[in-house]
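Participant: If you number the sequence shown the way the numbering used here does, the last residue is 483 and the count never jumps. The beta-carbon is built from N, C-alpha and C at its ideal position, and this holds for glycine as well. Because the structure is a prediction, the values reported are computed rather than measured. Below you will find the structure I want to go over with you.
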Amino acid sequence: MKPHRFEHSNKDDLVSEDRKRSQPPEDIIDRSMIDGGIVADLGCGNGFLTIPLSHVVEKVIALDAQKEMLENLLKRSADRAFNIRPVLAELPAIPLRDESADHIFIVNMLHEIDEKVSMVKEVHRVLRNGGGATVVDFQKKFTKKGPPLNERIEESDVPSIFMGFQLVRHYSFDEFYQYVFRKGP
Numbered sequence: 299m300k301p302h303r304f305e306h307s308n309k310d311d312l313v314s315e316d317r318k319r320s321q322p323p324e325d326i327i328d329r330s331m332i333d334g335g336i337v338a339d340l341g342c343g344n345g346f347l348t349i350p351l352s353h354v355v356e357k358v359i360a361l362d363a364q365k366e367m368l369e370n371l372l373k374r375s376a377d378r379a380f381n382i383r384p385v386l387a388e389l390p391a392i393p394l395r396d397e398s399a400d401h402i403f404i405v406n407m408l409h410e411i412d413e414k415v416s417m418v419k420e421v422h423r424v425l426r427n428g429g430g431a432t433v434v435d436f437q438k439k440f441t442k443k444g445p446p447l448n449e450r451i452e453e454s455d456v457p458s459i460f461m462g463f464q465l466v467r468h469y470s471f472d473e474f475y476q477y478v479f480r481k482g483p
């Protein structure tokens, strides 16, 4: 059975004040230790992370499987259009060139990916040597919002999913966790 997908009809929940309080995008970015460059935001939705990223990096490639999400992102980010490139993409495939990104963000998305090993291989392919990957997802416990409990990933299982990457940082919060990985040479 395929994991559920966040529906675009609920897009306002993705940028709600409640979400910004529980998962401040600026904090996610700061903990990721990015230093400019080109980043990809997998499952970007309507820009919760994409728009703040566009203020601190050269270019954000915003990927989502739902055209409506990308259209909403474009409306919300009209003043940042010069460095946000929306891409319609169905993960696990990432339609970007080899070694074309300095950092990849996978925020509240890993649980939605059925073929995690294939996606991680794609992340590895797209990242430049020394590039980073940030994973943020829901703790595997009941919370008011988020995916069904049976689709959530145990926090301790994430490093084994990202085999071949070096673990750089790990943060654990009440409802979420964040990992930062690095691709070695």
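Give me, in chain order, the residues of the same chain whose beta-carbon lies closer than 6 Å to that of Gly444; leave out the 5 immediate sequence neighbours on both sides.
Facilitator: The residue labelled residue 444 in the question sits at position 146 within the sequence shown. Excluding sequence neighbours, Gly444 sits near Phe436.
Participant: What number of angstroms, rounded off, separates the C-alpha of Phe463 from the C-alpha of Lys481?
Facilitator: Within the sequence shown, numbered from 1, the residue matching residue 463 stands at position 165. Within the sequence shown, numbered from 1, the residue matching residue 481 stands at position 183. Straight-line Cα distance between these residues: approximately 5 Å.
Participant: Compute the Euclidean distance between the alpha carbons of Asp396 and Thr441, then round it to the nearest angstrom.
Facilitator: Reading the sequence shown from its first residue, position 98 is the one you call residue 396. Reading the sequence shown from its first residue, position 143 is the one you call residue 441. Rounded to the nearest angstrom, the two C-alpha atoms are 37 Å apart.
Participant: Asn370: buried (16+ other C-beta within 10 angstroms of its C-beta) or exposed?
Facilitator: Along the sequence shown, read from residue 1 onward, the residue named residue 370 stands at position 72. The residue in question, Asn370, is buried, as its Cβ has 16 or more Cβ neighbours within 10 Å.
Participant: Between the Cα of Val433 and the Cα atoms of Gly341, Asp325, Phe403, which residue gives the shortest distance?
Facilitator: To locate residue 433, count along the sequence shown from 1; it is residue 135. The residue with the shortest Cα to Cα distance from Val433 is Phe403.
Participant: Below 7 Å CB to CB, which residues in the same chain sit around Gly429 once its five sequence neighbours on both sides are set aside?
Facilitator: Taking the first residue of the sequence shown as 1, we reach residue 429 at position 131. Same-chain partners within the cutoff: Ala399, Asp400, His401, Lys481.
Participant: Count the other C-beta atoms from every protein chain shown that fall within 10 angstroms of the C-beta of Asp377, then say buried if there are 16 or more, exposed otherwise.
Facilitator: Taking the sequence shown and counting its residues from 1, the one referred to as residue 377 is at position 79. Under this definition Asp377 is an exposed residue.
Participant: Exposed or buried, which one is Ala391 when buried takes at least 16 other CB atoms within 10 Å?
Facilitator: One-based indexing of the sequence shown puts residue 391 at position 93. Exposed, by the Cβ-count rule.
Participant: What residues are listed by DSSP as bridge partners for Pro439?
Facilitator: The residue given as residue 439 occupies position 141 in the sequence shown. Residue 439 is actually Lys in this sequence, not Pro. BP columns for Lys439 are empty, so no partner.
Participant: How about Asp362 and Gly343: are their beta carbons less than 8 Å apart?
Facilitator: Here residue 362 refers to the residue found at position 64 when the sequence shown is read from its first residue. Here residue 343 refers to the residue found at position 45 when the sequence shown is read from its first residue. Cβ distance < 8 Å, so Asp362 and Gly343 count as in contact.
Participant: Apart from the five residues on each side of it in sequence, which residues of its chain come closer than 8 Å, Cβ to Cβ, to Val337?
Facilitator: As a working note, residue 337 is residue 39 in the sequence shown. Excluding residues within five positions, the ones whose Cβ falls inside 8 Å are Leu351, Val355, Lys357, Val358, Ile359, Ala399, Asp400, His401, Ile402, Phe403.
Participant: Would you decide whether Val418 is buried or exposed? Buried here means 16 or more other CB atoms lie within 10 Å of its CB.
Facilitator: Against the sequence shown, residue 418 aligns to sequence position 120. Label assigned to Val418: buried.
Participant: Based on Cα-Cα distance, which residue from Leu340, Ile332, Gly341, Lys373 lies nearest to His353?
Facilitator: On the sequence shown, residue 353 is found 55 positions in, with the first residue counted as 1. Of the listed residues, the one whose Cα sits closest to His353 is Ile332.
Participant: Between Ile382 and the rest of its own chain, which residues show a CB-CB distance below 7 Å, the 5 nearest in sequence each way excluded?
Facilitator: The sequence position of residue 382 within the sequence shown is 84, counting from 1. Only Thr348, Ser352, Val358, Ala360, Ser375 meet the Cβ criterion.
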